[in-house]
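*Asks:* Would you mind keeping the following structure in view while I ask a few things?
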Amino acid sequence: MEPFPFQTQEDDEHPEYLNWDFSLPDSIDLLSAISNPQPPPRSAFVEYRAFNRGISSQSSGCQQQRTGGRNIHRRVIEFLRTIPMATREESFRGVVAEGSREFRHLMRERQRRERLSQGYADLRYMLSNRSKGDKNSVVQAAAVYLKELEGVREELQKRNEELEETAAGKRGVVEGATIKLRVMNPSSAVDSMMGALQCLRGMELAAASMQAELRSDELSAVVNLKSKNVAIAEVERAMECALEEVEKKSHTLSSQQYKCSVSCHVENAP
């Protein structure tokens with residue numbers, strides 16, 4: 001029996017190659033030509049080094065095309081190196097010589113700024129616990145500190161006046177006094193006067209003038225004081241003790257008998 005019993009005239013019109021066998025021979029293995037599938041990537045991250053390297057190479061190529069392969073700074077430096085050093089020095093000297101007034105002004109301004117900076121540094125050192133490092137903080141802290149010092153000075157002046165008034169009320173005090181000294185049989189007039197001056201200095205009293213007269217057996221002296229307030233009793237007692245101490249030391253060194261008498265009187269200045 002024929003495979004196609006119902007063959008018509010149209011089938012006879014088809015070409016013969018439609019009946020060819022297109023199967024491959026058994027010697028060809030199509031599965032061996034297929035490669036093994038690659039494992040999927042563990043992460044979606046793509047290494048950017050290669051990508052950036054490509055971009056940088058492209059950008060550098062573009063930059064080389066724009067600048068001709070050299071940076072503008074390098075081109076300027078190369079141009080400056082081509083200028084001879086002698087020419088640059090001569091031009092600089094010419095500028096200084098022509099603008100000497102401007103140069104002096106520049107130096108004065110630089111010195112002024114250095115002094116100003118040194119002043120700020122000194123203030124900052126003095127006010128290290130009060131101010132910050134900037135100049136505005138240093139100036140503000142210095143102004144506050146000066147106001148505090150003025151207040152302290154006023155308080156001290158008031159306190160001093162109160163103490164002087166209190167001391168004047170407790171004991172007799174005169175303004176501008178004169179001390180009259182008399183020493184009978186002095187061993188040394190010079191030592192006696194030195195002892196009197198040391199006593200005044202110990203009591204913080206200043207002498208305006210001094211007159212002394214030495215006779216055969218008597219030393220008399222008049223001392224005018226500059227101090228405004230003088231305690232009469234204390235000055236008389238301290239002066240007599242000082243003169244007696246001087247005479248005792250002198251007689252002790254000379255091994256002579258002590259026969260001296262001392263008197264001191266304080267009165268108002270004329």
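1 is the number of the first residue of the sequence shown in UniProt numbering; add one for each residue after it. Backbone N, C-alpha and C define an ideal beta-carbon position, used for all residues, glycine too. Source: prediction; values computed, not measured.
1. With H, G and I counted as helix, E and B as strand and the rest as coil, what does DSSP make of residue 143?
2. For my contact list, residue 123 and residue 138 are in at a C-beta cut-off of 8 Å; report their separation, rounded to the angstrom.
3. Taking C-alpha atoms, which residue in 159, 162, 141, 177 lies nearest to residue 235?
4. Does residue 180 come out as helix, strand or coil in the three-state DSSP assignment?
5. Beta carbon of residue 179, beta carbon of residue 225: below 8 Å?
6. Look up residue 38 in the DSSP assignment and say whether it is helix, strand or coil.
7. Contact defined as beta carbons within less than 8 Å: I believe residue 242 pairs with residue 195. What is the distance between those atoms, to the nearest angstrom?
8. Going by the beta-carbon positions, is the gap between residue 219 and residue 183 smaller than 8 Å?
9. Within 10 Å of its beta-carbon, does residue 181 have 16 or more other beta-carbons around it, so buried, or fewer, so exposed?
10. Using beta-carbon positions only, say whether residue 135 and residue 120 come within less than 8 Å of one another.
11. What would DSSP say about residue 214, mapped onto helix, strand or coil?
12. Near residue 191, which residues of its chain fall below 7 Å by C-beta distance, leaving aside the five closest residues on each side in sequence?
13. Enumerate in chain order the residues of its own chain whose CB-to-CB distance from residue 100 is below 8 Å, with the five nearest sequence positions on each side excluded.
14. Where does residue 225 sit, in a helix, a strand or coil, going by DSSP?
15. Which value, in whole angstroms, describes the spacing of the CA atoms of residue 291 and residue 72?
16. From the DSSP output, which residues share a beta bridge with residue 209?
17. Given a cut-off of 8 Å on the beta-carbon distance, is the pair residue 240 and residue 223 in contact?
18. Cα separation between residue 140 and residue 153?
19. Pop quiz: residue 127 and residue 142 are said to be a contact at Cβ under 8 Å. What is the actual Cβ separation, rounded to whole angstroms?
20. Helix, strand or coil: which one does DSSP assign to residue 123?
21. Evaluate residue 216 with the Cβ neighbour count: other Cβ atoms within 10 Å of its Cβ, from every protein chain shown; 16 or more gives buried, anything less gives exposed.
22. Quick one: is residue 266 buried, meaning 16 or more other Cβ sit within 10 Å of its Cβ, or exposed?
23. Leaving aside the five residues before and after residue 193 along the sequence, list all residues of the same chain whose C-beta is less than 7 Å from its C-beta, in chain order.
24. For residue 188 and residue 197, what's the separation of their Cα atoms in angstroms?
25. Just to check, is the beta-carbon of residue 114 closer than 7 Å to a non-hydrogen atom of the ligand ATP?
*Replies:* Once the coordinates are examined:
1. Residue 143 sits at position 143 when you count from the first residue of the sequence shown. DSSP places residue 143 in helix when its eight states are reduced to three.
2. Within the sequence shown, residue 123 is the residue found at index 123, counting from 1. Within the sequence shown, residue 138 is the residue found at index 138, counting from 1. The beta-carbon distance between residue 123 and residue 138, rounded to whole angstroms, is 5 Å. This is short enough to meet the 8 Å contact definition.
3. Residue mapping note: residue 235 aligns to position 235 of the sequence shown, counting from 1. The shortest C-alpha to C-alpha distance from residue 235 to any of 159, 162, 141, 177 is the one to 177.
4. Taking the first residue of the sequence shown as position 1, residue 180 is located at position 180. Reduced to three states, the DSSP call for residue 180 is strand.
5. Residue 179 sits at position 179 when you count from the first residue of the sequence shown. Residue 225 sits at position 225 when you count from the first residue of the sequence shown. Yes.
6. Position 38 of the sequence shown holds residue 38. Annotated three-state conformation of residue 38 is coil, per DSSP.
7. Translated into positions along the sequence shown, residue 242 becomes position 242. Translated into positions along the sequence shown, residue 195 becomes position 195. The pair is a contact, with the Cβ atoms about 5 Å apart (cut-off 8 Å).
8. Translated into the one-based positions of the sequence shown, residue 219 becomes position 219. Translated into the one-based positions of the sequence shown, residue 183 becomes position 183. Cβ distance < 8 Å, so residue 219 and residue 183 count as in contact.
9. One-based indexing of the sequence shown puts residue 181 at position 181. Residue 181 is buried by the Cβ-count criterion.
10. Along the sequence shown, one-based indexing puts residue 135 at 135. Along the sequence shown, one-based indexing puts residue 120 at 120. A contact, by the Cβ cut-off of 8 Å.
11. The residue labelled residue 214 in the question sits at position 214 within the sequence shown. Annotated three-state conformation of residue 214 is strand, per DSSP.
12. Counting from one through the sequence shown, the residue named residue 191 turns up at place 191. For residue 191, where only same-chain residues beyond five positions count, the Cβ hits under 7 Å are 246, 250.
13. Reading the sequence shown from its first residue, position 100 is the one you call residue 100. Closer than 8 Å at the Cβ level, and outside the excluded window around residue 100, lies no residue.
14. Here residue 225 refers to the residue found at position 225 of the sequence shown. Secondary structure at residue 225: strand, using DSSP grouped into helix, strand and coil.
15. In this structure the chain extends from 1 to 270, so residue 291 is not present and cannot be described.
16. Locating residue 209 in the sequence shown gives position 209, where the first residue counts as 1. Residue pairing from DSSP places residue 209 in a beta bridge opposite 224.
17. As a working note, residue 240 is residue 240 in the sequence shown. As a working note, residue 223 is residue 223 in the sequence shown. Not in contact: residue 240 and residue 223 (Cβ atoms no closer than 8 Å).
18. The residue you call residue 140 lines up with position 140 of the sequence shown. The residue you call residue 153 lines up with position 153 of the sequence shown. In this structure, the CA atom of residue 140 is about 20 Å from the CA atom of residue 153.
19. For the purposes of this step, residue 127 is identified with residue 127 of the sequence shown, where counting begins at 1. For the purposes of this step, residue 142 is identified with residue 142 of the sequence shown, where counting begins at 1. Approximately 6 Å separates the beta-carbon atoms of residue 127 and residue 142; this is inside 8 Å, confirming the contact.
20. Indexing the sequence shown from 1 puts residue 123 at position 123. Looking at residue 123 - three-state DSSP - the assignment turns out to be helix.
21. By one-based count along the sequence shown, residue 216 stands at place 216. By the C-beta density criterion, residue 216 is exposed, having fewer than 16 other C-beta atoms within 10 angstroms.
22. Numbered from its first residue, the sequence shown carries residue 266 at position 266. With 16 or more other Cβ atoms within 10 Å, it is buried.
23. As a position in the sequence shown, residue 193 is number 193, starting the count at 1. Same-chain partners within the cutoff: 212, 221.
24. Counting from 1 along the sequence shown, the entry for residue 188 is found at position 188. Counting from 1 along the sequence shown, the entry for residue 197 is found at position 197. Looking at the two C-alpha atoms, the distance is approximately 15 Å.
25. Within the structure as shown, the ligand ATP is missing, as the structure has no ligands at all.
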